[in-house]
Every structure is written in structure tokens, then in C-alpha cells.
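Take the sequence shown: its position 52, counted from the start at 1, is 52 in the UniProt record's numbering, and no numbers get skipped. Below is one structure; the comments refer to it alone.
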Amino acid sequence: MNLKMGIIKSNLNKLKLGWFVGNFEPSLYKTNDVEIAVKSYSKGDYEELHYHKIATEITVIVSGKVKMNGEVYEKGDVLVIPPNHSTDFEALEDTTTTVAKLPGANNDKYLGKPND
């Protein structure tokens, strides 16, 4: 990280899985209020069915195409996933997303469906 004239500079390659705001290390802005990431996926990447008990997740498909819960989403789509709603994630193309989780909640990712 570089501090120059009040501006903090880093690079997504130096951060953990694209996460740059939240209560974790490394973080460019430490807060419990929100977590923010820019995530890159290669075609075929897959995340298992999971949900959050506390956080609402907002995902923007910046580029590419994905499948979540059998539905296809593409560039420009914005998805709001409420707490206790499970989803999986498959990159159908090379994809970039921006993700925000509100509030920031460490250890709030659970595999499967609620009450499994």
C-alpha cells in the first residue's frame, strides 16, 4: 500500500480474492459496515450453494455471463440476494463482478440451504 497526498493505493492482485473494503486483512478501508470486492472468474469457475445469515449481498455482473440457481445473468445485471437465500455461482464465460455485503459480517458464509 502506498500513501501519497492522502490517497491510499494498492492493487487487486495484492488483495485476498478481490476484497478491498471490510473488517479483514488486507483491507484498504477497515469497517464492519460493508464489505466490497471486485472479483474475477475464469469460465467454469464454480462456487457451491451457500447463504448468509446476516448480510444482504449485492452482485453486479460487470462483464461476462454467470448462472446462479439455474438462472443466467449477464453484463449489466444487478442482483440483490437477501439473508437466508441460498445461491450457487458458475462462470459461463470469463467474468468480472463487483460485490457488496451489507453489513460487513465476518464468518457469515454457510454452505447449503438454511435449516439443512
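Here a beta-carbon is modelled for each residue, glycine too, at the ideal position from N, C-alpha and C.
Is the Cβ-Cβ distance between Pro82 and Lys53 less than 8 Å?
no
Mind checking whether Pro26 and Lys9 have CB atoms under 8 Å apart?
no
Segment contact flag, the region 71-79 with the region 37-49, C-beta cutoff 8 Å, min 3 pairs:
In this structure the region 71-79 does not touch the region 37-49; the number of beta carbon pairs closer than 8 Å is below three.
What does a CB cutoff of less than 8 Å around Thr87 pick up in its chain, not counting 5 residues either side in sequence?
Leu49, His50, Tyr51, Met68, Asn69, Ile81
Starting from the Cα of Gly22, find the closest Cα among Pro114, Asn106, Gly76 and give me that residue.
Of Pro114, Asn106, Gly76, the residue nearest in Cα terms is Asn106.
In three-state DSSP terms, what is Leu111?
Strand at Leu111.
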